[in-house]
Amino acid sequence: MSEAARASSLTDLISSHRVVVCVGSGGVGKTTIAAALGLWGALNGRRSMVLTIDPARRLAQSLGLETLAADGERIDPQRLAECGLAVTGDMFAGMLDQKSAWDGFIRRYAPTPEAAETILANGFYQQLSRSFAGSTEYMAIEELYRIHESGRYDLIVLDTPPTAYALDFLEAPERLSRFLDRATVRWFVRPYATLGWSAWKTASRSVRYLFSRIEDATGGQTLSQISEFFILMEEAFDGIAQRSSRVQGLLKGPDTAFVLVTGPDEQVLDDTEYLSGRMEKLGVPLKAVLMNRLHVEPQGSDSSHVSEYLSWLQHYLEAHGVDARARAWLVDAYKEACRLARVEAVRRDAFELGLGDTVVTAAVPDMGRDVHDLATLGEIVERF
Ligand SMILES: Nc1ncnc2c1ncn2[C@@H]1O[C@H](COP(=O)(O)OP(=O)(O)O)[C@@H](O)[C@H]1O
Ligand SMILES: [Mg+2]
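Here the sequence shown is numbered in the numbering used here, starting from 386 and rising by one per residue.
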């Protein structure tokens with residue numbers, strides 16, 4: 386998107402991007418908002434795909450994700466229509482299945498189909514794909530790129546993993562390339578693999594120490610499995626490195642919008658500030674911040690009407706035979722809801738002031754219940 390055509394609302398922003406990445410600290414609603422953005426796409430004529438990471442079980446069921454389908458399952462328009470959602474496009478949803486994503490990755494990059502099978506059966510590979518730090522993040526981005534390249538969708542929304550370090554995935558490709566670096570193979574593995582175990586036995590103590598550390602880190606795999614893996618992967622390194630830079634290009638390019646999901650709590654806002662600072666350092670332009678689960682004043686009443694409304698409420702409850710204690714409780718609950726809404730509104734204003742005017746802001750209210758069905762997702766879309 387050009388500077389001149391800067392978006393003025395969240396939907397404006399989404400309209401002009403093909404890839405949307407929802408980031409944010411744990412539990413703020415990334416998965417929910419990602420699903421709602423995908424639904425917005427389908428309601429607005431897009432062929433949208435939501436790639437989720439860890440949907441709550443009932444949300445997954447609503448999206449038709451009982452079985453793992455990384456390539457995406459189409460959500461039956463009939464089911465959407467039954468929830469009052471008249472889509473003019475199409476909605477697909479997929480859930481990241483780490484194991485098949487890694488296996489697909491190996492099949493794409495291994496020099497031959499036979500080499501791929503050998504790698505897949507390799508114990509070190511199996512361990513690496515499960516425990517490599519940033520493994521889920523790497524595969525999420527890899528899958529995003531693969532789906533983007535397929536050209537099948539107008540809008541792809543990526544949910545991001547619930548890691549403690551919410552932006553690790555941006556560095557994961559780089560970390561993987563470093564880990565698989567060609568030099569590692571040359572220096573460490575190849576001489577011993579080609580010369581066999583006798584060379585290994587006479588290798589210097591420090592090299593042996595290094596290998597034992599690798600073995601510890603990878604759950605006690607034998608050296609031969611490690612060298613087999615690296616040797617088979619060596620030919621794939623160039624391809625992986627090139628792809629890594631294309632992936633980074635997509636993430637930082639004009640087609641992609643990062644939406645930072647946050648909430649109105651003090652702690653969450655602190656985390657969000659930290660995340661937006663890190664994004665800036667990583668060179669990822671933050672395009673929108675969405676404050677989720679905001680408490681709004683009951684009936685949207687403006688504060689000048691609160692006392693008027695309260696006396697009306699008192700009379701109404703009394704006239705309907707509600708006893709004094711229950712009346713007092715209800716009135717207190719109402720006052721507390723108003724107070725919370727006002728506090729959050731102030732926090733929101735202060736937070737948004739600090740964002741600068743290039744970032745689009747949006748808010749979604751707390752729906753008062755978990756969001757696990759298409760109809761409630763539809764209600765969220767109406768707030769965008
Ligand atoms: N606007 C909302 N109103 C009410 N509940 C919400 C809202 N957004 C998310 N939730 C609920 O909050 C919980 C965490 O949401 P989720 O999308 O799984 O967060 P994350 O993916 O960031 O961990 C879920 O139970 C979800 O239904
Ligand atoms: Mg999630």
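Ideal Cβ placement from N, Cα and C applies to all residues, glycine included.
Source: prediction; values computed, not measured.
Judged by beta-carbon spacing, residue 496 lies beyond the 7 Å limit of residue 613, meaning their Cβ atoms are not closer than that value. Distances taken from the Cβ of residue 641 to the heavy atoms of ligand 1 include none shorter than 6 Å.
In the structure shown, residue 433 falls within a strand segment according to DSSP collapsed to helix, strand and coil.
The three-state secondary structure of residue 416, taken from DSSP, is helix. Taking all protein chains in view, the Cβ of residue 703 is surrounded by fewer than 16 other Cβ atoms within 10 Å, so the residue is classified as exposed.
Within the model, the alpha-carbon separation for residue 521 versus residue 470 is close to 32 Å. If you check the C-beta of residue 521 against ligand 2, you find no heavy atom less than 6 Å away. Per DSSP, the continuous alpha helix (DSSP H) segment holding residue 731 begins and ends at 709 to 738. Two segments are said to touch when three or more pairs of C-beta atoms, one from each, lie closer than 8 Å; by this definition the stretch 411 to 421 touches the stretch 641 to 659. With fewer than 16 other CB atoms across the displayed protein chains lying within 10 angstroms of its CB, residue 430 is exposed.
Look at residue 439: its beta carbon is less than 6 Å from one of the heavy atoms in ligand 2.
Closest option to residue 409, judged by alpha-carbon separation, among 428, 644 and 713: 644. In the structure shown, the three-state DSSP call for residue 752 is coil. Annotation: the continuous alpha helix (DSSP H) that includes residue 490 extends over 483 to 494. DSSP, read as helix, strand or coil, puts residue 653 in helix.
When secondary structure is reduced to three states using DSSP, residue 767 falls in the helix class.
Cα atoms of residue 766 and residue 422: separation of roughly 7 Å, rounded to the nearest angstrom. A straight line joining the alpha-carbon of residue 695 with that of residue 726 spans about 16 Å.
Taking the Cα of residue 526 as reference, the smallest distance to any Cα among 463, 492 and 483 is reached at 483. Contact check for residue 398 and residue 674: beta-carbon distance about 11 Å, past the 8 Å limit, so the pair fails to qualify. Note: residue 459 is bridge-paired with 477 in the DSSP secondary-structure output. In the displayed model, residue 472 falls within coil according to three-state DSSP, outside both helix and strand. When DSSP states are grouped into helix, strand and coil, residue 761 belongs to the helix group. Residue environment: residue 657 is assigned as buried (16 or more neighbouring CB atoms within 10 Å of its CB, all protein chains considered). As DSSP reads the structure, residue 674 sits in a beta bridge with 645 and 746. The Cβ neighbour count for residue 487, taken over all protein chains shown within 10 Å, is at least 16; the residue is labelled buried. Taking C-beta separations shorter than 6 Å and ignoring five residues to either side along the sequence, the partners of residue 472 in its chain run 427, 428, 462 and 465, following chain order.
Under the three-state reduction of DSSP, residue 539 is assigned to coil, being neither helix nor strand.
Cβ neighbours of residue 678 within its own chain (closer than 6 Å, five residues either side excluded): 648 and 751.
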